[in-house]
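Peer 1: In mature numbering (1 follows the signal peptide of the UniProt record, and there is no 0), the protein residues as written are -16 to -1, 1 to 531. By construction, the Cβ of each residue, glycine as well, lies at the ideal position given by its N, Cα and C atoms.
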Ligand code: MAN
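Rendered as structure tokens:
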């Protein structure tokens, strides 16, 4: 049987076609019948035609606006309403071509009855998927905003670090200069001269103090050890004594220990029941302190607390006494500013060279008789001063590097090409994501390195270091698509092939995770994954037209 639709001619079919068929909602008002006797104007205003000519399957307007619902005009467009889903625009050449366009789920691109209207089901399916995606985006965006907060805190921390390291550098530079001076002078000092300096009563007394301190520290440690052992014995007694024996000596010892160690009374109820309680007086606790713990001892201002003793004594005993001896000499020998002994300051300029020569001669003569140092046999103690200088130089270098790293990190934190204009990626710097594929575990440590680790033994391959975000020339730094790709390259070279590299393709997700891996070309890996850093806040204006 021949379908009745095919036997009807096209003009017969289009004759009954609605004049607004194929017109998008925004242009509907322009497709209304003109007043009787008037003509309809093409949308571009170039021509006037009878209203009957609209959607009559013959192209009259140069802009094709008279045929919104047929394929009569080339380069025109057709709008399908897709009620229950989202309207779509297709090229009008696809209208009435016998093929159901997937974009037009309502089938309006073909004659009635040719295509099924599937918009209700497709729309429902679409909304379900979209709602699920929105939920993920909403949750992800919250996590993303916590990443942004982190970046701001990190910025403050780094700024404070730059500030404190700058100040520390100034102090350490001075210290290096001071120690260099001491080291150089110590190295140029003869062993005999140094020995002479070490005979100074001040230095000898300092050495005695140091020995006494060392010995006291040793004895103190021994006492602490003994105190701990005694405490353990008394603890065992306190927890294990039998109140039934009514041994007052034991009870007094227990109560006394509780007071000394600031422990709560144990067995008070049992003692009371058996009338075995021991008063504070009986336990030898001073009257003014009976209800209190051991009172805090008030120390004179210049005395050290127990905590200070804990660390401070070691520091004191580590003092470089030779360097101190040199600084002491400097201090004693340099006259105070403005002193009458600053002879050079009182001399006319013309006499200064003669004075300097004479001074050097006297110093060298004093050196000969051992009163001040001269060049000669190098002191073995100079190595200590050199060591102190080396340590100070290393410490200065470390602080300088710390400052440089902090400055570099600050530059990247809110940079479009770094961690994003909002700093949303900073939180993930160094975070490692893993994917086990059975044979290998792929690891991507964000902004650092990617690896391929064999699960059953063998070499781990370096798949490359982070090199850039999406390098495509079609994508501008800062736009969302820019952050959807990360490139890691210059990994271990493949045998007879390129250096291993990774492209990590990411989309918004509530977790930072790797989802799949494919070796698209030999040693060129494409990984996919998700991250909340890609979940932009839901924008109400982004709702699309939906009927
Ligand atoms: C290793 C792995 C593979 C790679 C070959 C190339 O086995 O890195 O992914 O294809 O080397 O020789």
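Run through the DSSP bridge pairs and tell me what residue 490 is partnered with.
Peer 2: Beta-bridge pairing links residue 490 to 513.
Peer 1: As a quick check of your reading: which residues have a C-beta less than 6 Å from at least one non-hydrogen atom of the ligand MAN, in chain order?
Peer 2: Those residues whose C-beta sits under 6 Å from the nearest heavy atom of the ligand MAN are, from N- to C-terminal order along the chain, 436, 445, 478, 479, 503, 506, 507.
Peer 1: Any heavy atom of the ligand PLP closer than 7 Å to the CB of residue 414?
Peer 2: The ligand PLP is absent from the structure shown, which contains only the ligand MAN.
Peer 1: Anyone know if the C-beta pair for residue 481 and residue 120 falls short of 8 Å?
Peer 2: no
Peer 1: Could you give the DSSP three-state label for residue 250: helix, strand or coil?
Peer 2: coil
Peer 1: Find out if the Cβ-Cβ distance for the pair residue 57, residue 30 is shorter than 8 Å.
Peer 2: no
Peer 1: Going by beta-carbon coordinates alone, are residue 376 and residue 156 separated by less than 8 Å?
Peer 2: yes
Peer 1: Take every Cβ of the stretch 391 to 401, pair it with every Cβ of the stretch 103 to 121, and state whether three or more of those distances are shorter than 8 Å.
Peer 2: no
Peer 1: Distance check for residue 487 and residue 420, CA to CA, integer angstroms please.
Peer 2: 17 Å
Peer 1: Are there 16 or more other CB atoms within 10 angstroms of the CB of residue 141, so buried, or fewer, so exposed?
Peer 2: Around the beta carbon of residue 141, a 10 Å sphere encloses fewer than 16 other beta carbons of the protein chains shown; the residue is thus reported as exposed.
Peer 1: Confirm, please, whether the CB-CB distance from residue 69 to residue 103 is below 8 Å.
Peer 2: yes
Peer 1: How many Å lie between residue 249 and residue 219 at the Cα?
Peer 2: 12 Å
Peer 1: Cutting at 7 Å between CB atoms, please list the residues of its own chain near residue 296, excluding the five before and the five after it.
Peer 2: Setting aside the 5 residues that flank it on each side, residue 296 is surrounded in the same chain by 288, each with a C-beta closer than 7 Å to its C-beta; the list follows chain order.
Peer 1: What are the uninterrupted segments assigned as beta strand (DSSP E) that are 3 or more residues long and contained completely in the stretch 180 to 209, given in chain order?
Peer 2: none
Peer 1: Rounded to whole angstroms, what's the CA-CA distance from residue 434 to residue 450? Just pull it up for me.
Peer 2: 8 Å
Peer 1: Report the residue ranges of all beta strand (DSSP E) runs contained in full by the stretch 407 to 476; include only those spanning at least 3 residues, in chain order.
Peer 2: 416 to 420, 424 to 429, 433 to 438, 445 to 453, 469 to 473
Peer 1: How far does the alpha helix (DSSP H) with residue 142 in it reach, from first residue to last?
Peer 2: Counted as a single uninterrupted DSSP element, the alpha helix (DSSP H) harbouring residue 142 occupies residues 103 to 171.
Peer 1: Pick helix, strand or coil for residue 17, following the three-state DSSP scheme.
Peer 2: coil
Peer 1: Quick one: give me the first and last residue of the beta strand (DSSP E) that residue 499 is part of.
Peer 2: 497 to 505
Peer 1: Check whether the stretch 179 to 189 touches the stretch 401 to 415, counting contact only when three or more Cβ pairs, one atom from each stretch, lie closer than 8 Å.
Peer 2: no
Peer 1: Considering only the alpha carbon of each residue, which of 432, 33, 447, 425 lies closest to residue 438?
Peer 2: 425
Peer 1: Using C-beta distances below 6 Å, list every residue in its chain close to residue 44, excluding the 5 sequence neighbours before and after it, in chain order.
Peer 2: 33, 37, 50
Peer 1: If residue 387 and residue 149 are in contact, beta carbons under 8 Å, what's the gap, nearest whole angstrom?
Peer 2: 4 Å
Peer 1: Determine whether the beta carbon atoms of residue 512 and residue 489 lie at a separation below 8 Å.
Peer 2: yes
Peer 1: With DSSP as the reference, identify every bridge partner of residue 24, one or two as the case may be.
Peer 2: 33
Peer 1: Going by DSSP, what residue range makes up the beta strand (DSSP E) through residue 63?
Peer 2: Membership of residue 63 in the beta strand (DSSP E) is indicated by the continuous run 61 to 64.
Peer 1: Would you report the Cα separation of residue 21 and residue 12, rounded to the nearest angstrom?
Peer 2: 22 Å
Peer 1: Nearest to residue 389 by alpha carbon, out of 93, 46, 466, 145?
Peer 2: Residue 145 is the option with its Cα nearest to residue 389.
Peer 1: Which partner residues of residue 289 appear in the DSSP bridge assignment?
Peer 2: Bridge partners of residue 289: none, in fact.
Peer 1: Suppose you measure from the CA of residue 158 to the CA of residue 164; what does that come to, to the nearest Å?
Peer 2: 10 Å
Peer 1: Should residue 15 go down as buried or exposed, given a rule of 16 or more other Cβ atoms within 10 Å for buried?
Peer 2: buried
Peer 1: Would residue 368 pass as a contact of residue 298 if the rule is Cβ separation under 8 Å?
Peer 2: no
Peer 1: Evaluate residue 286 with the Cβ neighbour count: other Cβ atoms within 10 Å of its Cβ, from every protein chain shown; 16 or more gives buried, anything less gives exposed.
Peer 2: exposed
Peer 1: Is the beta carbon of residue 179 sitting closer than 8 Å to the one on residue 370?
Peer 2: no
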